[in-house]
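Before any comments, here is the structure.
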Amino acid sequence: RMTFKIVSLKPLKVVPSKPEEYWGYRVHLTRKSLAKTLKKAKLNLAIATSRKGEDVRKVNLPPLEGEVGFVFGSPRKGIMEILREFNEDYPFDLILNTIPNQKTKTVRTEEAVLATLAIFNFIRRD
2 RMTFKIVSLK PLKVVPSKPE EYWGYRVHLT RKSLAKTLKK AKLNLAIATS RKGEDVRKVN
62 LPPLEGEVGF VFGSPRKGIM EILREFNEDY PFDLILNTIP NQKTKTVRTE EAVLATLAIF
122 NFIRRD
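Below, the structure written as structure tokens:
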């Protein structure tokens, strides 16, 4: 997705523009292990999502400033299982359940991403 600013109508001239507020999320794909990828990202806040995590409604959240990273498991494996598979560990700042009372064993990743970002976008604007 690109954002442009119109600087002239005749002739039509546009220049790339950076939005002033949040306009989407980035997905990082890598062949490196999860722990190595997270360490390289240099996040200000690393949040793991899990149905076994603390209920997001009951947690006193730290300031959401700088680079905040959310990590989601897969339908077959949770984040901790993925880390254990590679004999790794990572010191997440928070492990949260962002879909409490979900009533299903798993939530599709794309649904979890949307639910989580909706919550944190709302919190960040407060």
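Heads up: the sequence shown runs through residues 2 to 127, numbered per the numbering used here.
Glycine is no exception: its CB is placed at the ideal position from the N, C-alpha and C atoms.
Model, not experiment: these values are computed from the prediction.
Residue i, buried or exposed, once every other Cβ within 10 Å from all chains shown has been counted against 16
{"i": "GLY25", "result": "exposed"}
{"i": "ALA119", "result": "exposed"}
Beta-carbon spacing of residue i, residue j below 8 Å
{"i": "LEU97", "j": "VAL72", "result": "no"}
{"i": "GLU89", "j": "ALA36", "result": "yes"}
Closest Cα partner of residue i within the set the options
{"i": "GLU68", "options": "LEU44, LEU30 and ASN61", "result": "LEU44"}
{"i": "GLY74", "options": "ASP90, SER51, PHE87 and LEU95", "result": "SER51"}
Residue i to residue j span [Cα, whole Å]
{"i": "ALA49", "j": "LEU95", "result": "6 Å"}
{"i": "VAL15", "j": "ARG27", "result": "24 Å"}
{"i": "THR110", "j": "LEU65", "result": "22 Å"}
{"i": "THR105", "j": "PRO76", "result": "11 Å"}
{"i": "PRO17", "j": "LYS53", "result": "43 Å"}
Proximity test, residue i beta-carbon vs the ligand COA heavy atom, cut-off 7 Å
{"i": "PHE93", "result": "Only the bare structure without any ligand can be found here, which leaves the ligand COA out of the picture."}
Counterpart residues of residue i in DSSP-defined beta bridges
{"i": "GLU55", "result": "LEU97"}
{"i": "VAL15", "result": "ILE7"}
{"i": "PHE73", "result": "DSSP, once it has assigned bridges, lists no residue as partnering PHE73."}
{"i": "THR50", "result": "LEU97"}
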